[in-house]
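Numbering (this note's numbering), first residue to last: 175 to 535.
Right under this line is the structure:
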């Protein structure tokens, strides 16, 4: 499930472990760049990159002309609060309540209380929440869902400060690529590739795609879409791809003309999620376009929403509550084992319903 870790990550985790086991004590000097380079068989540039990340986290300090030292304040352990801050985008989204329920149940079973806040997928709200967490300084960990993580975000320094204070930081559903923190989520690239492969197996070659431009999952799912087409020898046609944002997702009808134009020559379409697929099918039916007779539809999430339209939507189910429980499990492990830093990615199978028509053959 996990890919082989880059060498700089192995070096980072090794140093973290030495710090947590007290083999490297606060104030002690770290091995030189040359020594670490020889020990791990990596370049000095790789060593410098790893040390730079550790310095950002507040674990080491570089002293010009002297070397790198373990941060002195590492000797003062944080007093446990048994509180975990959970930052989610929405309170009412169809996949979020089960995920949050999974997080709360698992943390409660481990003796932790949770403080849940919602950003509404707005950067300014995220900033206020992070400022309050840092000001109060009363949590052992933060489980966060990134806000529009495909776009530049001015709040990354707040997350880096959280790490610098030795507060465990874990992301669920999506994360900022600029931050070195574990993620528990769908394997967005692989599930999208799996969904498009399913369409290809049903005989489709003119496959459109609808993706979110402001969330990292949208970019990853687009990558999976491309992978499936290219591996099948199908040329990529940008005219069949539509990029939407968070506001568009709430009301696909607002982009009716663009949507119909993009899908005009398609026999099937991959939708970013069930909400997009549901809205799309409603629009197509109003336009007299039959699903799956004229256009087959597949999506991701496998929620109740995929059952509320006719035809019912073929989709890849989101693990939701299980994902929340896994995020909580990993958070507790990060607190107990400060060197623990692993991703967990899900890749469920296609849940076949009635929105796809086999063509050809």
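Ideal Cβ positions, reconstructed from N, Cα and C, are used throughout, including at glycine.
Bear in mind the structure is a predicted one, so any value in this text is a computation, not a measurement.
Exercise. Which residues in the same chain have their Cβ closer than 6 angstroms to the Cβ of residue 429, if we skip the five residues on either side of it in sequence?
Worked result: 422
How big is the Cα-Cα spacing for residue 249 and residue 373?
Because residue 249 carries a pLDDT of 49, less than 50, the predicted location of this residue cannot be relied on, and no value is offered for it.
### Message
What does the alpha-carbon distance come out to for the pair residue 382 and residue 529?
### Response
15 angstroms
Practice task
State the DSSP-derived secondary structure class of residue 282, mapped to helix, strand or coil.
Solution key: helix
(message) Quick check on this structure: which residue in 361, 399, 473, 220 has the alpha carbon closest to the alpha carbon of residue 453?
(response) 473
- Nearest CA to the CA of residue 207: which residue from 459, 241, 260? 241
**Request:** Using 10 angstroms around the beta-carbon of residue 256, count the other beta-carbons present and answer buried if the total reaches 16, otherwise exposed.
**Result:** exposed
Using beta-carbon positions only, say whether residue 258 and residue 274 come within less than 8 angstroms of one another. no
> What is the DSSP secondary structure of residue 242, counted as helix, strand or coil?
Replying inline: strand
- [ ] Please classify residue 255: does DSSP put it in a helix, a strand, or coil?
- [x] coil
Are residue 227 and residue 342 touching if we call contact CB-CB under 8 angstroms? no
Exercise. State buried or exposed for residue 329, treating a residue as buried only when at least 16 other CB atoms are found within 10 Å of its CB.
Key: buried
**Q.** Residue closest to residue 284, alpha-carbon to alpha-carbon, out of 501, 531, 533
**A.** 501
**Asked** Using a Cβ-Cβ cut-off of 7 angstroms (strictly less than) and excluding sequence neighbours within five positions of residue 246, which residues of its own chain qualify?
**Response** 200, 201
Hey, residue 351 and residue 517 are a contact pair by Cβ (cut 8 angstroms); roughly how many whole angstroms apart?
Rounded, the Cβ-Cβ distance is 13 angstroms, inconsistent with contact.
Self-check item: With 16 other Cβ atoms within 10 Å as the buried cut-off, status of residue 298
Solution: exposed
Which of the three DSSP states, helix, strand or coil, is assigned to residue 382? strand
For residue 175, count neighbouring Cβ atoms within 10 angstroms of its own Cβ and tell me buried if that reaches 16, exposed if not.
-> For residue 175, the predicted structure reports a pLDDT of 43, less than 50, and the residue's modelled location is therefore unreliable. The matter cannot be settled from this model.
(Q) If I follow the unbroken alpha helix (DSSP H) through residue 226, where does it start and stop? (A) 218-230
- Task: Please report how far the alpha carbon of residue 462 lies from the alpha carbon of residue 431, in whole angstroms.
- Result: 14 angstroms
Fill in: At least 3 beta-carbon pairs within less than 8 angstroms: the region 299-311 vs the region 393-413
no
Margin query: Given this structure, state the Cα-to-Cα distance separating residue 442 from residue 266, to the nearest angstrom.
Written below: 30 angstroms
Problem set entry | Cβ-Cβ distance between residue 416 and residue 384 below 8 angstroms | yes
Hey, which unbroken runs of the alpha helix (DSSP H) at 4 residues or more fall wholly within the region 416-479?
420-424, 430-437, 448-460
Exposed unless 16 or more other CB atoms sit within 10 angstroms - verdict on residue 524 | buried
Checklist entry - How many Å lie between residue 179 and residue 438 at the Cα? => result 43 angstroms
ask   = residue 261 bridges to which residues according to DSSP?
value = 291, 318
- Item | Inter-residue Cα distance where the pair is residue 234 and residue 217 | 20 angstroms
Note to self: Could you give the first and the last residue of the continuous beta strand (DSSP E) run that contains residue 358?
What the structure shows: 357-360
Taking the alpha carbon of residue 475 as the reference point, which residue from 483, 451, 456 has its own alpha carbon closest? 451
Residue range of the beta strand (DSSP E) that residue 346 falls in?
342-346
Checklist line | Rounded separation between residue 324 and residue 389 - CA only | finding: 5 angstroms
- When the distance is taken between beta carbons, is residue 340 closer than 8 angstroms to residue 232? yes
Task: Nearest-angstrom Cα separation, counted from residue 349 out to residue 203 - done: 33 angstroms
Could one say the Cβ of residue 236 lies closer than 8 angstroms to chain B's Cβ atoms, at least one of them?
-> This model lacks chain B altogether, as it is built from one protein chain only.
Check your understanding: Beta carbon of residue 346, beta carbon of residue 366: below 8 angstroms?
Key -> no
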